[in-house]
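Engineer: Just dropping this structure here.
In UniProt numbering, the protein residues as written are 1 to 467.
Structure, rendered in structure tokens:
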């Protein structure tokens, strides 16, 4: 019995687990008003029971869970540090200063386009959508609210810009991971993504421009904006010098200081600037880093925006990540993901259907495992040989992995990225999803290219014969 080899999990068994997950999530979120944690935990238990029935030992399943959680530990540490950054930067007046100057400079008509472009540039420079959303994203959300633009629309523009840079930057971890999984070259991969991501961003900017026109003609709530400016100016010392911490953090990432030390440096700068500019003592700095900043100005818009951050604020997200990783690890280690993928591949006869299958698999992996890394790693492993057999260059696969795996991750509330964006911006992923235009358009452009053959580069004939 000790040496018994487990049988292969069938598609029916794997699909049963997915049906249970969907039913548990829908009933908990929509009927009982709960969070996604318990349905994901319950589905992990069901998946483990199905695997044990197929002959898997608990020790194997547990090892898969631990290995997958290990993949997410850097993300967990970054989450904790960004929570500290948000708390100390608000206390220091860094975020209020960005909001203050943004309200003075930006107008409603150009705001959404400017927001998407600003986040694109910052994320391209840093390679991190999380750092972008957790710093300038929060400030832009405040500016948008002050200009009278609904926060889900603003959050959608932030997400679109942040993920454009995350996807296209050579500093991004997913941008390096995708070609590694597909067997292509990093810079070939980035250049190939320009063909899908460039048009997608242009379409997104046009849409943000059209939406912005709806607010451009409206009268600005001058009194409301002045109230915000006066409240921020009364609560904090506002100075251009307070823009130094975000500039330094961006510079550290550009100069390839590892993410965790760079973000810790940002937290320390936040504490120092809080003492220098706002007169905060060590007790207040520690409280802001640990528990977040609590605004008590009496102006609801300001208090709601600035009462956030702190290491503790990320614990909800971290617990969700650990549960999602447990489920993902169970699904991958026991072959359930492969069973579903093999079924999908039976329909992938043409290049277009293969691209569609790859993109749907990435989205499916994001939905079921809750992690963008797995949505790149698992489909990358599955489809690498099939792309080669069809004579398609590996950079076609690496592009598909990012067009869908990277870009749909923040749209899923229980995914690590969706959970982080919810924690940082305070806007639910389902609320900003219709306005995250780049993230919605890019997978469709990729599928269109697959069926039309546009930019679908072939392997040299000699390499096709080798395969």
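Heads up, the beta-carbon is just placed ideally off N, CA and C, and yes, glycines get one too.
Give me the DSSP bridge partner(s) of residue 458.
Structural biologist: According to DSSP, residue 458 bridges with 392.
Engineer: Using DSSP bridges, identify the partner residues of residue 387.
Structural biologist: Partner(s): none; residue 387 has no beta bridge.
Engineer: Give the single residue among 243, 242 and 262 whose Cα lies nearest to the Cα of residue 249.
Structural biologist: Among 243, 242 and 262, the Cα nearest to that of residue 249 is on 262.
Engineer: Using the beta-carbon count (16 or more within 10 Å), is residue 420 buried or exposed?
Structural biologist: By the neighbour-count rule (16 or more Cβ atoms within 10 Å), residue 420 is buried.
Engineer: Just to check my reading of the structure: residue 412 and residue 429 have Cβ atoms closer than 8 Å, yes? What is that Cβ distance to the nearest angstrom?
Structural biologist: Sure, about 7 Å apart at Cβ, within 8 Å.
Engineer: Please name the residue in 337, 139 and 61 whose C-alpha comes closest to that of residue 102.
Structural biologist: The candidate whose alpha carbon is nearest that of residue 102 is 139.
Engineer: Using a 10 Å radius around the Cβ and a threshold of 16 neighbouring Cβ atoms, would you call residue 157 buried or exposed?
Structural biologist: So residue 157 ends up on the buried side.
Engineer: Identify, in the order they occur along the chain, each residue of the same chain with its Cβ nearer than 7 Å to the Cβ of residue 88, setting aside the five sequence neighbours on each side.
Structural biologist: The answer, listed in chain order, is 267, 270, 271, 274, 285, 288 and 289.
Engineer: Quick check: the Cα distance between residue 324 and residue 414, rounded to an integer number of angstroms?
Structural biologist: C-alpha separation (whole angstroms): 7 Å.
Engineer: Are the Cβ atoms of residue 216 and residue 109 separated by less than 9 Å?
Structural biologist: Result yes, Cβ atoms of residue 216 and residue 109 sit closer than 9 Å.
Engineer: At a cut of 8 Å, does the stretch 56-70 reach the stretch 235-245 through at least three beta carbon pairs?
Structural biologist: Result no; under three Cβ-Cβ pairs closer than 8 Å.
Engineer: Count the other CB atoms, across all protein chains shown, that sit within 10 Å of the CB of residue 105; report buried if there are 16 or more and exposed otherwise.
Structural biologist: By the neighbour-count rule (16 or more Cβ atoms within 10 Å), residue 105 is not buried but exposed.
Engineer: Where does residue 149 land, buried or exposed, given buried means 16+ other C-beta within 10 angstroms?
Structural biologist: It counts as buried.
Engineer: If I measure Cβ to Cβ from residue 147 and keep anything under 8 Å in the same chain, skipping five residues before and after, which residues do I get?
Structural biologist: For residue 147, where only same-chain residues beyond five positions count, the Cβ hits under 8 Å are 103, 106, 107, 108, 111, 215, 220 and 225.
Engineer: Between the C-alpha atoms of residue 373 and residue 75, what's the straight-line distance to the nearest angstrom?
Structural biologist: Roughly 10 Å separates the two Cα atoms.
Engineer: Taking DSSP as the reference, what is the three-state secondary structure of residue 381?
Structural biologist: If DSSP states are grouped into helix, strand and coil, residue 381 belongs with the helices.
Engineer: With a threshold of 16 other CB atoms inside 10 Å of the CB of residue 201, please say whether the residue is buried or exposed.
Structural biologist: That one is buried.
Engineer: Going by the CB atoms, is the gap between residue 234 and residue 86 shorter than 9 Å?
Structural biologist: Taking 9 Å as the Cβ cut-off, residue 86 and residue 234 do not qualify as a contacting pair.
Engineer: For residue 177, collect the residues of the same chain with a Cβ closer than 6 Å to its Cβ; drop the 5 residues on either side in sequence, then sort them by chain order.
Structural biologist: For residue 177, where only same-chain residues beyond five positions count, the Cβ hits under 6 Å are 376.
Engineer: Suppose the cutoff is 7 Å on Cβ atoms and the five residues either side in sequence are ignored; what does the same chain contact list for residue 353 look like?
Structural biologist: These residues qualify, in order along the chain: 347.
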